[in-house]
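Visitor: Below is one structure. I have some questions about it.
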């Protein structure tokens, strides 16, 4: 485990959690349905599908791609989306909260709907990434306009281990 990767996940998670709280403050529950949590989980599933497909098709999971995946995918999206709130809200709707209103039908629909729609949102994110890639510039074309060669980003030896090996994806031929 690299300390810099842990820091990226922490930083992304901090901002993702803050973004989720902002959505929760701006989107109240209606008829006991926690729409804010539903929204962040579906939006997060879509964005994660889009991100991971775009990164996977742009090259191996190493260097800047790995750092982007950890910062945005694991960190931000991990903090933005929430399984625990989905589970707690579902339990509350099903009647586990003695002081809350019991709505078993809504609770079941909320739980199943979130999972199914979240899966569809992930596929939609992947499809969107594919469409954007076909309609726009390829990653290599965009990289040609950058001030530094992206290949230089692929070798991150700043905090390499004792053997001075770079951050490489397991199984990488490099």
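Numbering (our numbering), first residue to last: 74 to 247. Even for Gly, the Cβ is constructed at its ideal location relative to N, Cα and C.
For residue 168, does the count of other Cβ atoms within 10 angstroms reach 16, so buried, or fall short, so exposed?
Guide: Position 95 of the chain shown, counted from the start, is the residue given in the question as residue 168. Burial call: exposed.
Visitor: Could you give the residue range of the alpha helix (DSSP H) that holds residue 94?
Guide: Along the chain shown, read from residue 1 onward, the residue named residue 94 stands at position 21. Here the alpha helix (DSSP H) through residue 94 covers 76–99.
Visitor: Assess contact between the region 82–89 and the region 133–147, defined as three or more Cβ pairs (one per stretch) separated by less than 8 Å. Is contact present?
Guide: Result yes; three or more Cβ-Cβ pairs closer than 8 Å.
Visitor: For residue 103, write down the residues that DSSP places opposite it in a beta bridge.
Guide: Residue numbering aside, residue 103 sits at position 30 when the chain shown is read from its first letter. Its beta-bridge partners are 106.
Visitor: Count the other CB atoms within 10 Å of the CB of residue 183; is the residue buried (16 or more) or exposed (fewer)?
Guide: Taking the first residue of the chain shown as position 1, residue 183 is located at position 110. Counting Cβ neighbours within 10 Å, residue 183 comes out buried, since at least 16 surround it.
Visitor: Leaving out five residues on either side along the sequence, give the residues of the same chain with a beta carbon under 6 Å from the beta carbon of residue 220.
Guide: The residue you call residue 220 lines up with position 147 of the chain shown. Note that residue 220 scores a pLDDT of 47, beneath 50, so its modelled location is shaky; the value from the coordinates is reported in the next line. Closer than 6 Å at Cβ, skipping near neighbours: no residue.
Visitor: Measure the CB-CB distance between residue 151 and residue 89 and report whether it falls below 8 Å.
Guide: Indexing the chain shown from 1 puts residue 151 at position 78. Indexing the chain shown from 1 puts residue 89 at position 16. A contact, by the Cβ cut-off of 8 Å.
Visitor: Can residue 110 and residue 155 be called in contact, C-beta distance under 8 Å?
Guide: One-based indexing of the chain shown puts residue 110 at position 37. One-based indexing of the chain shown puts residue 155 at position 82. In contact: residue 110 and residue 155 (Cβ atoms closer than 8 Å).
Visitor: Just reading off the alpha helix (DSSP H) that residue 162 is part of, what are its end residues?
Guide: Here residue 162 refers to the residue found at position 89 of the chain shown. Residue 162 -> alpha helix (DSSP H) spans 156–166.
Visitor: Residue 195: buried (16+ other C-beta within 10 angstroms of its C-beta) or exposed?
Guide: For the purposes of this step, residue 195 is taken as the residue at position 122 of the chain shown. Result: buried.
Visitor: Hey, would you say residue 123 sits closer than 8 Å to residue 202, going by beta carbons?
Guide: For the purposes of this step, residue 123 is taken as the residue at position 50 of the chain shown. For the purposes of this step, residue 202 is taken as the residue at position 129 of the chain shown. The answer is yes: Cβ separation under 8 Å.
Visitor: Using only the alpha-carbon positions, how far apart do residue 119 and residue 199 sit?
Guide: Indexing the chain shown from 1 puts residue 119 at position 46. Indexing the chain shown from 1 puts residue 199 at position 126. Roughly 8 Å between the two C-alpha positions.
Visitor: Indicate the three-state DSSP secondary structure (helix, strand or coil) for residue 170 in the structure shown.
Guide: Here the question's residue 170 lines up with position 97 in the chain shown. Looking at residue 170 - three-state DSSP - the assignment turns out to be coil, as it is neither helix nor strand.
Visitor: Considering only C-alpha positions, which residue in the set 92, 106, 185 and 208 is nearest to residue 175?
Guide: The count along the chain shown starts at 1 and reaches residue 175 at position 102. Checking every option, the nearest Cα to that of residue 175 belongs to 106.
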